[in-house]
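Colleague: Residue numbers (the working numbering): 78 to 359.
Take this structure first; my questions come after.
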């Protein structure tokens, strides 16, 4: 897999999310989401893709597809054009997707301020998850994708990194992160028939995710989940952890395994401020 991955680089530079449930959640929120949908639809009509800051990406395209699908409006999009855009980034020989953000990630200079870009693993996860919603997973080699994702598994710490694991990787590339791990687990769960052949890795992943929860009692803010276990590496924006982002990725990953109950739920509620909210309500 490492050779396939290198070849590709050298060649080219949970719950109910139906529209009905969203309406019942909050009429105001639903109207706001519809307004966002209209804005994104206008952007697509103007540019032919769903853009994010700087330039279109597979990440932005996945978010656009997922949002439209959750709103029950995916059929209103030009699905053929979206599929074509995604597949323009697919290399049939390697079986991988790459966009400019993934190449920029590979060029990361860890001596400079780190800015988290979509990793190679994440870009492939975005693409697969988008194609699944578009009903076109048959366009990719599923076995190659499964092999690639597992090649990104860190056998020492558990968890996944953003590219195929090698002890020779420079800088912080070998640090497992929960954002990479979430997209790996979610994509593997979609592509594999079950986890039976990877029961040990599954157990190790649950332990890894639980290790990311800060359970110290001196401050409620430190009862959520950090994105990685290396104190010197800020793998998400900013310099303060834990984040709602990393906590979300952790909970959703455990949810796939049916292991949300393995965390310290009371501490996590404190991190979310639930007791404080309840005090205001009652």
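Glycine is no exception: its CB is placed at the ideal position from the N, C-alpha and C atoms.
1) Using DSSP's beta-bridge definition, name the partner residues of residue 168.
2) Just to confirm, are residue 275 and residue 253 a CB contact at a threshold of 8 Å?
3) Tell me where the alpha helix (DSSP H) around residue 141 begins and ends.
4) Three or more C-beta pairs closer than 8 Å, one from the stretch 199–213 and one from the stretch 155–162: is that the case here?
5) Do you know how far the Cα of residue 344 is from the Cα of residue 179?
6) Using 8 Å as the cut-off, can you tell me whether the stretch 190–200 makes contact with the stretch 228–239, which would need three or more C-beta pairs spanning the two stretches below that distance?
7) Return yes when the Cβ of residue 279 is within less than 8 Å of the Cβ of residue 225, no when it is not.
8) Buried or exposed: residue 220, going by 16 or more other Cβ atoms within 10 Å of its Cβ?
9) Cβ of residue 255 within 8 Å of Cβ of residue 311?
10) Anyone know if the C-beta pair for residue 313 and residue 203 falls short of 8 Å?
11) When the Cα atoms are used, what is the spatial distance from residue 247 to residue 189?
12) Could you say which of 132, 146, 223 and 181 lies nearest to residue 171 if we only look at CA atoms?
Modeller: Looking at the coordinates:
1) According to DSSP, which records beta bridges pairwise, residue 168 is partnered with 173.
2) Not in contact: residue 275 and residue 253 (Cβ atoms no closer than 8 Å).
3) From DSSP, the alpha helix (DSSP H) with residue 141 extends over 135–147.
4) When Cβ pairs closer than 8 Å are counted between the two stretches, the stretch 199–213 is seen to touch the stretch 155–162, the count reaching three or more.
5) Rounded to whole angstroms, residue 179 to residue 344 spans 36 Å at the Cα level.
6) Result yes; three or more Cβ-Cβ pairs closer than 8 Å.
7) Remark: C-beta atoms of residue 225 and residue 279 do not approach each other more closely than 8 Å.
8) The residue is exposed, with fewer than 16 neighbouring Cβ atoms inside 10 Å.
9) Cβ atoms of residue 255 and residue 311: not closer than 8 Å.
10) In this structure, residue 203 does not lie closer than 8 Å to residue 313 by Cβ.
11) Residue 247 and residue 189: Cα-Cα distance of roughly 14 Å.
12) Measuring C-alpha to C-alpha distances from residue 171 to each of 132, 146, 223 and 181 identifies 223 as the nearest.
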